[in-house]
């Protein structure tokens, strides 16, 4: 028994030492190391207990006790999912944790047009047109809501059930659009912003599921609002590579493309290489719809990092890049004086000419899309600079892109060729380890959930200004910045408003919201915060500013 006690104490000490450094390293790696150390200690303890019980003629005692614990756990607990740090999540099997019923009946076709027009004319004018907002930075310049003094000042405009997936809402003309998995069908759905009524649903038979990542679509739709000359359009990509262009008011399918077919892949090959499902959100830029493409190595010469589609017809305009895709979405930014598309790929970052797709520069960024994947997109962080972060202990870098104009013939100005150089200004394994979320920039300071804790970092130096305490950390959630307030979606479902203050972490209010694991980015429209996960969607209405 003494050996068992010593092994138990040693196991506890080793696990404690591993966990004490988890906030500086990586919680997922610390968990795996703790399970290994704790598992070895536990097996040794059980072995010693079994020897002792056998000597006392009770060889049945240890296995019977283990079996009883397993049966009791299986009876009382229900496995739900894994967290973003691979912690298994359980709920009480007989507990009351039901979410609202899924809306399954869209408005009748004869009514939907009229009611959609009513939504356009009677609800907020605000919009959130695509992934991470109208300019894809996750930053809104003006805040339309007041900071509540208590949760009693916040109302739920609607609280509805929703299908699986990690998509977020895009909003325009009083309509909120998202993607979700409903059984065997992958769907694009539209809800009326005023009351959460399901306006329309477009579905096709497809399903993505991965044990650690869950099921359903991962990307966020993009919307081109209606004008006097054309109706509003929605662009969306499912987790298995289907891309839609739909009419905003009624969901009419204008065109549809299959990226896996274009890439010359099978769905099995795609799922093996991109294990957690296609997550690239459509980028609408200069009359192009740009998405990560992917494909076998043989497709590199033709281009497999990005594809640009004609937004009116869906026809391919260009393909570019020889790298496999990651889970990040393409962005536009001006670097080296040139407006361009920036793509975070499986193992590098590339800049592309918008018109032709030509690769202008590349920078190595280690990753593997079926293991330690790149998920965060590059974010502009000052003139000719961007920040890029990575979880799995990766850290972050500040990259600067400069242009060198080289003339191949000094007497011929028309032969001048643009050359861009990407160089790392700093790298740190201690800050902005943004696993699923993205860096938010304001006044020279970057904010983000680093290894599950909200953090503020000086962009110029890479110095950490403050970090949320381990006790309060919000896990692998999401955040957006609304003027001077960070709207943070905790992984456990709560919504937390935090002051965007470089001097100290100041939590303004913590709002109970969703009931299950949440990896979805919140959407902010006027004084509404739209949040969702794989079970539930809520419109939180805050006091108007």
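In UniProt numbering, the protein residues as written are 1 to 545. Virtual Cβ for every residue (Gly too), placed ideally from N, Cα, C. Just so you know, these numbers come straight off a predicted model, no measurement behind them.
If you look at residue 102, you'll find it isn't in any beta strand (DSSP E); DSSP assigns it neither H nor E.
If you check the CB distance, residue 263 and residue 314 do not come in under 8 Å. Annotation: the continuous alpha helix (DSSP H) that includes residue 51 extends over 27-55. Between the region 381-388 and the region 329-337, the count of Cβ pairs shorter than 8 Å is three or higher; the stretches touch.
With a beta-carbon spacing of about 7 Å, residue 163 and residue 102 fall inside the 8 Å limit used to define contacts. DSSP places residue 431 in the coil class of the three-state scheme, outside both helix and strand. Taking all protein chains in view, the Cβ of residue 277 is crowded by 16 or more other Cβ atoms within 10 Å, so the residue is classified as buried.
Apart from sequence neighbours up to five positions away, the residues of its chain that approach residue 467 with a beta-carbon distance below 6 Å are 453 and 455, ordered along the chain. Taken through DSSP and simplified to helix, strand or coil, residue 75 comes out as helix.
Under the 8 Å Cβ criterion, the region 269-286 counts as touching the region 128-136, having at least three qualifying pairs. Under DSSP, the beta-bridge partners assigned to residue 258 are 242.
Rounded to the nearest whole angstrom, the CA to CA distance from residue 475 to residue 202 is 33 Å.
In this structure residue 340 does not touch residue 325 by the C-beta definition: roughly 18 Å separates them, more than the 8 Å allowed.
Between residue 175 and residue 212, the C-beta spacing is not below 8 Å. If you compare the alpha carbons of 73, 87, 156 and 94 with that of residue 538, the shortest gap goes to 156. Per DSSP, residue 333 is one residue of the beta strand (DSSP E) stretching across 331-335. The alpha-carbon of residue 480 is positioned some 15 Å away from that of residue 432.
Between residue 151 and residue 511, the C-beta spacing is below 8 Å. The C-alpha of residue 458 is placed about 40 Å away from the C-alpha of residue 245.
Contiguous beta strand (DSSP E) elements confined to the region 356-393 occur at 359-364 and 385-390, taking only those with 3 or more residues. Judged by their CB atoms, residue 148 and residue 543 are nearer to each other than the 8 Å cut-off. Distances from the CA of residue 528 to each of 167, 55 and 159 were compared; the closest alpha carbon is that of 159.
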